[in-house]
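Single-structure report; data block below.
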Amino acid sequence: MFEKVLIANRGEIALRVLRACRELGIQTVAVHSTADAEAMHVRLADESVCIGPPPARDSYLNIPSIVAACEITGAEAVHPGYGFLSENARFAGILAEHGIKFIGPSAEHIRIMGDKIEAKRTAKALGIPVVPGSEGGVATVDEARKVASDIGYPVIIKATAGGGGRGMKVARSESELETAVNTAQSEAKAAFGNGDVYVEKYLEKPRHIEIQVLGDGKGNAVHLGERDCSLQRRHQKVWEEALSPALNAQQRSSIGSRVAKAMAELGYEGVGTIEFLYENGEFYFIEMNTRLQVEHPVTESITGLDLVQEQIRVASGSDLQFTQESITFSGHAIECRINAENPTTFAPSPGRVDAVHFPGGLGVRVDSALYSGYRIPPYYDSLIGKLIVSGKTRTECMMRLRRALGEFVVEGIETTIPLFQQLLAEPDIIDGQYDIHWLEHFLARSA
Ligand code: ADP
Numbered sequence: 000m001f002e003k004v005l006i007a008n009r010g011e012i013a014l015r016v017l018r019a020c021r022e023l024g025i026q027t028v029a030v031h032s033t034a035d036a037e038a039m040h041v042r043l044a045d046e047s048v049c050i051g052p053p054p055a056r057d058s059y060l061n062i063p064s065i066v067a068a069c070e071i072t073g074a075e076a077v078h079p080g081y082g083f084l085s086e087n088a089r090f091a092g093i094l095a096e097h098g099i100k101f102i103g104p105s106a107e108h109i110r111i112m113g114d115k116i117e118a119k120r121t122a123k124a125l126g127i128p129v130v131p132g133s134e135g136g137v138a139t140v141d142e143a144r145k146v147a148s149d150i151g152y153p154v155i156i157k158a159t160a161g162g163g164g165r166g167m168k169v170a171r172s173e174s175e176l177e178t179a180v181n182t183a184q185s186e187a188k189a190a191f192g193n194g195d196v197y198v199e200k201y202l203e204k205p206r207h208i209e210i211q212v213l214g215d216g217k218g219n220a221v222h223l224g225e226r227d228c229s230l231q232r233r234h235q236k237v238w239e240e241a242l243s244p245a246l247n248a249q250q251r252s253s254i255g256s257r258v259a260k261a262m263a264e265l266g267y268e269g270v271g272t273i274e275f276l277y278e279n280g281e282f283y284f285i286e287m288n289t290r291l292q293v294e295h296p297v298t299e300s301i302t303g304l305d306l307v308q309e310q311i312r313v314a315s316g317s318d319l320q321f322t323q324e325s326i327t328f329s330g331h332a333i334e335c336r337i338n339a340e341n342p343t344t345f346a347p348s349p350g351r352v353d354a355v356h357f358p359g360g361l362g363v364r365v366d367s368a369l370y371s372g373y374r375i376p377p378y379y380d381s382l383i384g385k386l387i388v389s390g391k392t393r394t395e396c397m398m399r400l401r402r403a404l405g406e407f408v409v410e411g412i413e414t415t416i417p418l419f420q421q422l423l424a425e426p427d428i429i430d431g432q433y434d435i436h437w438l439e440h441f442l443a444r445s446a
């Protein structure tokens, strides 16, 4: 096992990783920008190193500074959290060259899955069902037109280097195709420095269902059930649950074992998520995330596993500690992503948090780095906390969620807590009847 791990992240996830390390008896090194000198992850870590000024490109994305911080502190491994450098194959490669272990999959697996076309090709070759579409990228509108007329409209044009829901455009008919391709290409170029795009069948009313996997890089892999992340705003997840209200045990085990088998064949190491759109009983692969996800706690709730500790264990060379048969799912869990934003306009609301009070009690977990008097810097993501609630049944979970949201107090800034209170009153949410467009429609209705 490692003696010292550097956490190359901030906010709630840095704290989450720190907690896992501490329980494993591992020393922690926090890194931070000058804007985060007073952050909770810095306060709680055994050591901390300032790695640069506020903009992420000069600090949390600054590879030389992070490698230097490892060398100064003697950290043997780096946990990247999510976002920032967590899916950066070059970073994983550079760490390896310096003899520092990247807690995550191989640089090669990150690279393959980071290129959506290659990821889709790999998934297909491993027997995972994919969305019908172009075999590779499309360079011209003419090429896109040919694919679109083969698979039929509507189609979606997506960035090869995509992420965070950017660089995606829908074309409902041939007349919309040219604009969609051009806009997707220029958005992709601006956001990712790579304007390559591909074409996929646009699914009208799918759910977003993703399978959590864990592999040891030695040919053993298991799946840990699914999460339903259909409630999204601008392709960003807002509310996640495990298990999905839309699947039965037989469907779960069928897609889960297919995915676990594929990951075993790939020799995948660490945690990963295979994301699918699910419509009319069929699964369609959209992408794989080769990292820990924001929504991992709902899986922890239903399996009783600590995913970060499992990540660290396999990274330190240990074999998987369990078989598929020993994994059982119990109860239901829901996560609400709480952002420092106005709950109706979603305008960011950084600033001083005058007071916080987190809910507690049976089945309630809050992952957050907030504290009273903390000043939320304006430079980063607006996620300030995650409320994760579990119960024996989905109904119990929803009742508990309502109670927990009522106890949650954040003063001095605006948060999205009122949005979740509104959602809990919606019959479709109560019944678990929603697709990936439900939330956008709801927000448009309530505007
Ligand atoms: P990103 O990496 O930017 O998050 P994804 O490929 O994961 O992109 O897609 C994000 C979201 O976009 C999905 O959860 C879904 O809501 C929507 N989406 C992506 N592909 C399709 C598709 N073929 N049909 C309908 N919606 C899609």
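Under numbering that gives the first Met the number 0, the sequence shown has 96 at position 97, and the numbering climbs by one with no breaks. Idealized CB from N, CA, C, for every residue including glycine.
Per DSSP, Arg144 is not a residue of any beta strand (DSSP E); the alpha helix (DSSP H) it occupies stretches across 140-150. Ala170 places its beta carbon less than 8 Å from that of Ile156.
In chain order, Leu230, Gln231, Arg336, Leu438 place their CB closer than 7 Å to the CB of Val237, counting only its own chain and leaving out the 5 sequence neighbours on each side.
The bridge partners DSSP lists for Ser47 are Ala29. Its chain contains Val130, Glu274, Phe275, Leu276 as the residues whose beta carbon lies nearer than 7 Å to that of Ile285, once the 5 sequence neighbours on both sides are disregarded; these appear in chain order. If the five residues before and after Asp353 are omitted, its C-beta is found closer than 8 Å to the C-beta atoms of Ser371, Gly372, Glu410, Gly411, all from its own chain and listed in chain order. Secondary structure at Ile6: strand, using DSSP grouped into helix, strand and coil. Gln320 has its CB no nearer than 7 Å to any heavy atom of the ligand ADP. At the C-beta level, Met167 and Val212 stay beyond 8 Å of one another.
In terms of side-chain proximity, the C-beta atom of Arg89 is found no nearer than 7 Å to any non-hydrogen atom of the ligand ADP. For Ile116, the enclosing alpha helix (DSSP H) has its first and last residue at 115-124. Relative to the non-hydrogen atoms of the ligand ADP, the Cβ of Lys217 never comes closer than 7 Å to any of them. If you ignore the 5 residues before and after Leu400, its C-beta comes within less than 8 Å of the C-beta of Ile333, Cys335, Leu386, Val388, Phe419, Leu423, all in its own chain and listed in chain order. Rounded to the nearest angstrom, the gap between the Cα atoms of Cys396 and Ala143 is 45 Å. As the crow flies, the alpha-carbon of Ile102 is around 25 Å from that of Gly164. Judged by the Cβ position, His440 fails to qualify as a neighbour of the ligand ADP at the 7 Å threshold, every heavy atom of the ligand being at least this far.
Nearest C-alpha to Ser253 among Glu225, Glu268, Leu265, Arg233: Glu225.
Its chain contains Val212, Ala220, Val221, His222, Gln323 as the residues whose beta carbon lies nearer than 7 Å to that of Ala259, once the 5 sequence neighbours on both sides are disregarded; these appear in chain order. Relative to the non-hydrogen atoms of the ligand ADP, the Cβ of His31 never comes closer than 7 Å to any of them. Taking the Cα positions, Ile93 is about 13 Å away from Glu86.
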